[in-house]
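If you read the protein sequences in the order shown, they are chains A and B.
Counting from 0, one number per residue, gives the positions in the first sequence under numbering that gives the first Met the number 0.
Counting from 0, one number per residue, gives the positions in the second sequence under numbering that gives the first Met the number 0.
We put the CB at the ideal spot given by N, CA and C, even for glycine.
Being a predicted model, the structure only gives us computed values, none of them experimental.
Here's the structure we're looking at; comments come further down.
There are 2 protein chains.
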Amino acid sequence: MRIAVDAMGGDYGPGVLVQGAVRGARQYQCEIVLVGDKASLEKELAEQELSGLALSLHHASETVEMEESPTAALRRKRDSSIRVCFELIKKGETQAMVSAGHSGAVMATAIMVLKRSEGVERPALALLLPNMAGGRTVLLDVGSNVDCKPHHLAQFAVMGSVYAQLMLKIKEPRVALLSNGEEESKGNEVTREAHSLLKGAGIRYVGYVEGRDIYTGKVDVIVCDGFVGNVVLKCSEGLVDALAAVFKEEAEKGLISRWGYGLMSRPLNRFKNKFDYNEYGGAPLLGVNGVAVISHGGASVKAIQNAIGLACQFAAEKVNDHLAQVLARNKDLISFASVKLPRVT
Amino acid sequence: MRIAVDAMGGDYGPGVLVQGAVRGARQYQCEIVLVGDKASLEKELAEQELSGLALSLHHASETVEMEESPTAALRRKRDSSIRVCFELIKKGETQAMVSAGHSGAVMATAIMVLKRSEGVERPALALLLPNMAGGRTVLLDVGSNVDCKPHHLAQFAVMGSVYAQLMLKIKEPRVALLSNGEEESKGNEVTREAHSLLKGAGIRYVGYVEGRDIYTGKVDVIVCDGFVGNVVLKCSEGLVDALAAVFKEEAEKGLISRWGYGLMSRPLNRFKNKFDYNEYGGAPLLGVNGVAVISHGGASVKAIQNAIGLACQFAAEKVNDHLAQVLARNKDLISFASVKLPRVT
């Protein structure tokens, strides 16, 4: 398995990305192609222990900056590290790519270079979140699909179901729409219509869930638009940070609390890890002809390492082939009558 | 100050509501009119210590059930505890009401009996959330306005600004739209148009904030539609519950952790309280001619007590009069050019 890593994206520069790639190559026994400014990357690599690893460099002369418009970046920067990663996939030189760069630019470039899967109007970013039942829940879209039509949500639901079958090994994933209440009378105009579409979609659609069920493990796949998905993730991150701050403040107040803090720091860290995006690493883009895992701009070494693991699994499970099969059976995904998911065997 | 308490709503029945009302009457030195089935309430009151308190009963023969449609409840149950509370306000017998009942029915009844404030198309529920800067942040709408037009969000922003001026004593509250990123290029169709409207609204509108800023205290008022507001709250509740479960699990694993748990339980509880909806009690409905505070269906004794405190403050600050002044200056809130907020003196 060969994975291209965009070694220029992300808020912390190539150091973190190269380190994450080295650890990923070691843990997942895959080949890594680091894409970016050769001189910078050689300097970073010189500091790493590389024996037994299959790492190579591929020069890309440009970098997409975080504040750039995705379309402008696509038009102007034809040799960006993001674009070169996708060209490597297209040429068959790598089987997947990982980027912590400008997520809008990664998505736009993925769609332009790899093309959408047949039957998909809007590729979606799907995140695996840990849940309290000890498993993981797929949340999608956490990408840039901020204004969705009902059939877009329905497509996300079908893609999320296939993803959960293959990545979480759940035979018949329970799929739900995120809403402001569980009753059928709840939801907004878009979710209500998507709810009707999904009843006939041939997946195990179980109706609406509330925000609290993101973390309970009551369902396996939760579908929302990218605006809501982003708010959910950022709000959760903010709350975990708030928690950490409260504990730190408490520990600084007095000896007993500090003692308690010391004793509790192990479970506290475990809790933080459980909901920390660095743990889950990144989100694959579902609905394009190739494997792209998008990591948070502020991704840590560990996040990049985990994103590489995710990319390996995604490619090995041939998620895209399964998706293509399901999508091919139904050219008009707006009417879902004929969608039947394949069983994972 | 006389407050009507809907003593029949809520998931736990009249016991919790009566207890909360008794504590509220004691803490805030206000008169309470308990509205509901007289026989049940007399039974509950018999168990309470009432010396020195001004509590009375007002019979209502019907109760709106949680699963009823708000409009059907309005039409059919003319003597419901919710409706009777609002009739008492209309007749001038009480200055405010508190309910933990069916929130959709409370809102619909408020609008029908009290009427919308002039210039308001959609009354909104505004919640005071604690933030990490040590203050509180107003989040609205957390009610039933699931499908909003841009000018609805703009109206919420103006109402939220007045509310923060009076309730949080902030001279020029920083008001923001909740979005999927801070840059102007982010947001969805509705927030982008609302963003344009708000630039000329005569309030201290500071642009977009992300989900993580709900808890940072970076701004004073955060505006979203009721769908997103509900998801944010339920997701936060779910995450706090998940945290508590992780800690409990850890404590059950071994002696040292249990010891640590004991030492840390005080700050843990303090943290839980900080984000617990029982602490903030309830949310007032902004944009109707009267004071209604809506509490969570699963509200505790403490939540009801706090909701009564909120209702007292809301009525004492004459928030509605100030809102009416601001709204009256601009009959067409879609064009915000002439909205100028009054200074709180």
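Item	Value
Interface residues of chain B facing F226(A) [CB-CB closer than 7 Å]	N179, N187
Chain B within 8 Å of Y27(A), Cβ atoms only	no
Interface flag, E236(B) vs chain A, CB-CB below 8 Å	yes
R74(A) at chain B interface by Cβ criterion, 8 Å	no
Residues near A315(A) by beta carbon distance below 8 Å, same chain, minus five either side	M0
Of the residues V189(B), L285(B), K185(B), G8(B), the one placed nearest E117(B), counting alpha carbons only	L285(B)
Reference K168(B), options E209(B), S143(B), E188(B), G134(B), closest by Cα	G134(B)
Opening and closing residue of the beta strand (DSSP E) in which E30(A) lies	30–35
Cβ of V325(B) within 8 Å of any chain A Cβ	no
Residues that S55(B) bridges to, as DSSP identifies them	V32(B)
Residue nearest to E433(A) in terms of C-alpha spacing, selected from T136(A), H321(A), V318(A), C311(A)	This structure gives no information on residue 433(A), because the portion of chain A shown stretches from 0 to 344.
Nearest neighbour of V4(B), chosen from M96(B), L128(B), L127(B), L165(B) [CA to CA]	M96(B)
Candidates M158(B), S178(B), V174(B), of which the one nearest V145(A) by Cα	S178(B)
contact_flag[the region 285–304 of chain A, the region 90–110 of chain A] where n(CB pairs < 8 Å) is 3 or more	yes
G297(B) (DSSP reduced to helix, strand or coil)	coil
The beta strand (DSSP E) enclosing M131(A), as first and last residue numbers	That residue, M131(A), is in no beta strand (DSSP E); it is neither H nor E in DSSP.
Meets three-Cβ-pair contact criterion under 8 Å: the region 101–112 of chain B and the region 63–78 of chain B	yes
Contacts around Y162(A), its chain only, beta-carbon distance under 7 Å, and the 5 residues preceding and following it disregarded	A125, V137, L285, V318
Proximity below 8 Å, CB of V222(B) to CB of V189(B)	no
S60(A) at chain B interface by Cβ criterion, 8 Å	no
Cβ neighbours of L87(A) in the same chain (closer than 8 Å, five flanking residues each side left out)	A3, V32, V34, H57, T93, M96
Neighbour list for I213(A) in chain B, Cβ cutoff strictly below 9 Å	V230, K233, C234, G237, L238
The beta strand (DSSP E) enclosing A366(B), as first and last residue numbers	Given a span of 0 to 344 for chain B in the structure shown, any question on residue 366(B) remains unanswerable.
Test: M106(A) CB closer than 8 Å to a CB of chain B	no
Distance CB(V287(A))-CB(A109(A)) smaller than 8 Å	yes
Proximity test, Cβ basis, 8 Å: E64(B) and chain A	no
Assigned secondary structure, V145(B) (DSSP; H/G/I helix, E/B strand, else coil)	coil
Exposure of A99(A), with buried meaning 16 or more beta-carbon neighbours within 10 Å	buried
Bounding residues of the alpha helix (DSSP H) (the contiguous stretch that carries D240(B))	225–252
Assigned exposure category for Q380(A) - 16 Cβ within 10 Å defines buried	An answer regarding residue 380(A) cannot be provided, because it is not within the stretch 0 to 344 covered by chain A.
CB contact flag (I81(A), G8(A), <8 Å)	yes
Beta-carbon proximity of S79(B) to A59(B), cut-off 8 Å	yes
Chain A contacts from the region 240–254 of chain B (Cβ-Cβ distance under 9 Å)	D240, A241, L242, A244, V245, F246, E248, E249, A250, K252
Contact belief for V230(A) with A200(A) at Cβ below 8 Å, rounded distance in angstroms	Not quite, the Cβ-Cβ distance comes to about 26 Å (not below 8 Å), so this is no contact.
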